[in-house]
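J.: Going by this note's numbering, the first residue of the sequence shown is number 10, and it counts up by one from there.
Every residue gets a Cβ at the ideal spot worked out from N, C-alpha and C, and that includes glycine.
Computed from a predicted model, the values in this text were never measured in an experiment.
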Amino acid sequence: MSDVTRFLPKLAALALAGAMPAISAVAHAAVPVYGYDIKRSYPHDAQAFTQGLLFRDGILYESTGLNGRSSVRKVALETGKVLLKTDIPQQFFGEGITAIGNVIIGLTWTSQTGFVFDSETLQLKQTFSYPGEGWALATDGERIYMSDGSATIRVLDPKTMQQTRRIRVTADGEPVTQINELEWVEGQIYANIWQTDKIARIDPFSGRVVGWIDLTGLAAKAGVEPGGDNVLNGIAYDSAKRRLFVTGKLWPKLFEIELKPKK
Numbered sequence: 010m011s012d013v014t015r016f017l018p019k020l021a022a023l024a025l026a027g028a029m030p031a032i033s034a035v036a037h038a039a040v041p042v043y044g045y046d047i048k049r050s051y052p053h054d055a056q057a058f059t060q061g062l063l064f065r066d067g068i069l070y071e072s073t074g075l076n077g078r079s080s081v082r083k084v085a086l087e088t089g090k091v092l093l094k095t096d097i098p099q100q101f102f103g104e105g106i107t108a109i110g111n112v113i114i115g116l117t118w119t120s121q122t123g124f125v126f127d128s129e130t131l132q133l134k135q136t137f138s139y140p141g142e143g144w145a146l147a148t149d150g151e152r153i154y155m156s157d158g159s160a161t162i163r164v165l166d167p168k169t170m171q172q173t174r175r176i177r178v179t180a181d182g183e184p185v186t187q188i189n190e191l192e193w194v195e196g197q198i199y200a201n202i203w204q205t206d207k208i209a210r211i212d213p214f215s216g217r218v219v220g221w222i223d224l225t226g227l228a229a230k231a232g233v234e235p236g237g238d239n240v241l242n243g244i245a246y247d248s249a250k251r252r253l254f255v256t257g258k259l260w261p262k263l264f265e266i267e268l269k270p271k272k
């Protein structure tokens with residue numbers, strides 16, 4: 010064996026090692042990042058500790074949190090006026106909601122108790138239980154997706170609210186935790202990442218993050234000072250007009266945004 014032949018494996022290994030940072034950078038860059046343009050802004054109740062948000066039949070549905078201040082409500086998009094509200098008993102810390110059929114389903118944070126409301130009257134119809142924490146809900150019309158603050162999204166049967174499978178959410182192979190408010194948008198799960206300005210676009214089958222939405226600067230445009238609990242949280246989608254709405258906890262504004270590739 011010649012000297013050149015003997016050192017070929019070492020040379021190849023060195024070359025591969027040198028290429029690893031570049032390969033990693035390419036892999037990271039493969040996940041597109043989107044910025045935003047603000048199409049419109051709307052008034053929003055600055056006392057609403059927003060936990061869940063959805064748009065249905067021309068009306069915003071919103072759930073709010075904090076013990077003694079939790080509620081489920083119907084809101085007029087154009088004015089921010091609360092049209093109808095059901096308060097949640099003060100021992101519960103309200104979390105996210107979703108709508109399926111003729112009901113609104115809501116979670117609580119640590120009480121392991123969920124609520125089912127009539128979507129027209131917001132009257133409580135029944136309760137259900139689940140293990141662990143409840144953070145947010147979304148639906149594709151057939152299944153319900155539930156976040157609990159971890160890197161896992163639970164998939165639930167809407168008839169029984171029992172888990173059928175779990176989705177492990179990753180970006181570049183690493184788990185993504187602090188998954189909060191969820192929304193189903195054209196075949197993807199959009200998820201606020203708690204205490205960040207990012208929304209993850211998640212493939213519901215593989216769990217991979219296929220895009221990031223960077224909403225840096227939006228809180229300032231809402232007139233919100235940084236810090237505290239007034240973080241970005243709340244995603245709603247109008248599938249009929251393809252409008253995307255976002256807001257935050259205790260924000261005085263709600264925004265309709267349009268995504269654009271970020272260079």
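Looking at the secondary structure, which residues open and close the alpha helix (DSSP H) in which A249 lies?
T.: Unbroken run through A249: none, as it is neither H nor E.
J.: How long is the line joining the alpha carbons of P93 and P235, rounded to whole angstroms?
T.: It is worth fixing the name first, because residue 93 is Leu in this sequence and not Pro. Each residue's alpha carbon lies about 31 angstroms from the other.
J.: Quick check on K230: does DSSP put it in helix, strand or coil?
T.: helix
J.: State the Cα-Cα distance for the pair I266 and D46, rounded to the nearest angstrom.
T.: Computed Cα separation, rounded: 6 angstroms.
J.: Nearest-angstrom Cα distance between G67 and K250?
T.: Taking the straight line joining both Cα atoms gives about 10 angstroms.
J.: So G110 and S72 are in contact, right, with Cβ under 8 angstroms, and what is the actual spacing, rounded?
T.: Their Cβ separation, rounded to whole angstroms, is 18 angstroms, which puts G110 and S72 out of contact at 8 angstroms.
J.: In whole angstroms, what separates the C-alpha of P270 from that of L224?
T.: 12 angstroms
J.: Bridge partners for I113 per DSSP, in chain order?
T.: Per DSSP, A108, F126.
J.: Sort I113, P98, Y154 by Cα distance to Q171 and report the nearest one.
T.: Y154
J.: Using three-state DSSP, classify Q172 as helix, strand or coil.
T.: strand
J.: Measure the beta-carbon distance from T59 to G232 and round it to whole angstroms, keeping in mind my assumption that it falls under 8 angstroms.
T.: Between G232 and T59 the Cβ distance is about 15 angstroms, and since that is not below 8 angstroms, they are no contact.
J.: Tell me whether the beta-carbon of W118 lies closer than 7 angstroms to the beta-carbon of N189.
T.: With respect to the 7 angstroms criterion, W118 and N189 are not classified as neighbours on the basis of their beta carbons.
J.: According to the neighbour-count rule (16 or more other Cβ atoms, all chains shown, within 10 Å of its Cβ), is D157 buried or exposed?
T.: buried
J.: Under 8 angstroms by Cβ, that's how I've got P140 and A160 pegged, so tell me the actual separation to the nearest angstrom.
T.: About 17 angstroms; that fails the 8 angstroms criterion.
J.: Report, in whole angstroms, the separation of the C-beta atoms of L191 and I198, which I expect to be a contact under 8 angstroms.
T.: With a Cβ gap of about 6 angstroms, L191 and I198 count as contacting.
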